[in-house]
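Shown next, in structure tokens, is the structure this report addresses.
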Amino acid sequence: MKTLKHLAALCVALFLTAAAFGQTARMHLSGTLQNMHLWRGQQVADGGVLAADLNVGLLDDKLKVGLWGGTDFTGDYKEFDYYVSYSVAGFTVAVWDIFNYSPALPFSKDIFNYNKHSTGHFLDLSVAYDFDTKFEVPLRLYWATIFAGRDLNQAGRNRYSTYVNAEYSLFRDEHWIVDVGLGGTFAFNRDGADGGANFYGYDGIDQISLRATYKLKLGRFDMPVFAHAMWNPDQRAGYLQVGVNLFAF
């Protein structure tokens with residue numbers, strides 16, 4: 003009941019905020035189709051995935067409040083997330099409530115369950131800086147730490163698992179964008195029984211990536227297509243993801 007009250011209060015606060023900025027609020031909707039879902043060095047889903055993002059932008063789109071969801075074609079992967087982000091002068095700060103309720107995962111499928119010992123949720127705080135905004139250097143740095151939810155060590159305490167990433171654009175023109183990236187993970191609060199484990203695997207490099215995007219146009223519609231090659235040295239695995247951004251309004 004306490005969780006439901008908190009969620010209701012959050013919904014009311016977001017509604018009042020949107021109403022207060024009604025003159026400048028902008029709705030955004032986008033959808034992506036891809037052959038698998040990759041995230042922070044992990045293969046989250048290994049089949050075709052349809053994902054959508056719905057958000058309202060306030061303060062000239064600096065502040066965004068949104069929903070993100072995805073599912074694969076077989077129903078083996080299901081995810082429904084909430085987020086708030088704020089961007090200014092190249093910096094972006096975001097808080098995500100990530101809820102992966104795929105049937106095979108050993109966590110509660112109750113979306114209102116926030117008990118840290120059984121919940122399917124985890125809360126993630128991230129900070130990113132894009133050097134291209136001010137310095138015209140195509141480099142982006144990213145830091146994200148899980149601060150609550152299903153990221154517990156053997157003692158039942160939050161591990162504060164952290165993912166860091168650097169991404170650099172090798173090539174850009176009117177048709178193509180080619181990016182390379184390097185990511186790693188660690189945890190602030192492990193105990194001896196964990197053996198170096200964190201939410202993503204073990205401390206160290208978990209993502210080496212190469213991504214190429216072609217700015218496809220069909221008539222007056224933009225439908226970028228992409229190929230994303232990713233290697234995870236920790237898991238000794240590699241993946242090739244391909245997809246298309248179906249729409250963005």
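Counted from 1, the sequence shown has number 72 at position 70 by our numbering; the numbering is strictly sequential. For every residue, glycine included, the Cβ atom is placed at its ideal position computed from N, Cα and C. Note that the structure is a prediction, hence the values are computed from the model and not measured.
Query	Result
Straight-line Cα distance separating Met225 from Gly33	10 Å
Span separating the alpha-carbon of Met232 from that of Tyr241	5 Å
Cβ neighbours of Gly183 in the same chain (closer than 7 Å, five flanking residues each side left out)	Asn167, Ala168, Glu169, Gln209 and Ser211
Closest residue to Gly203 among Ser163, Asp193 and Leu107 (Cα-Cα distance)	Ser163
Member of Leu220, Tyr85, Ala214 and His119 whose CA lies at the smallest distance from the CA of Arg152	His119
Beta-carbon proximity list for Asn200, same chain, < 7 Å, skipping 5 on both sides	Arg161, Ser163, Thr187, Phe188 and Ala189
DSSP beta-bridge partners of Ile210	Leu184 and Trp233
contact_flag[the region 60-68, the region 41-51] where n(CB pairs < 8 Å) is 3 or more	no
Every unbroken beta strand (DSSP E) inside the region 70-108 [3 residues or more]	80-90 and 93-101
Other residues of its chain near Val86: CB distance less than 6 Å, five sequence neighbours each side excluded	Val67 and Val97
C-alpha gap between Asp236 and Trp41, whole angstroms	15 Å
Thr135 - DSSP class collapsed to helix/strand/coil	helix
C-beta atoms of Val51 and Thr73 nearer than 8 Å	yes
For Arg238, three-class secondary structure by DSSP	coil
Met3 classed as buried or exposed, judged by whether at least 16 other C-beta atoms fall within 10 angstroms	Residue placement at Met3 is flagged as unreliable, the pLDDT there being 44, under the threshold of 50; a coordinate-derived value is accordingly withheld.
Burial state of Glu176 (16 or more Cβ within 10 Å)	exposed
As assigned by DSSP and simplified to three states, the class of Glu57	Before going on, a small fix: residue 57 reads as Asn here, not Glu. Strand, per DSSP.
Candidates Asn234, Ala53 and Leu56: closest to Thr205 by CA position	Sequence inspection shows Asp at residue 205; the Thr mentioned does not correspond to that position. Asp205 has its Cα closest to that of Asn234, out of Asn234, Ala53 and Leu56.
Sequence-distant residues of its chain with Cβ nearer than 6 Å to Tyr131 (five each side left out)	Gly92, Phe93 and Leu143
Boundaries of the beta strand (DSSP E) in which Asn167 is found, first to last residue	Ser163 to Arg174
Proximity below 8 Å, CB of Asp193 to CB of Asn155	yes
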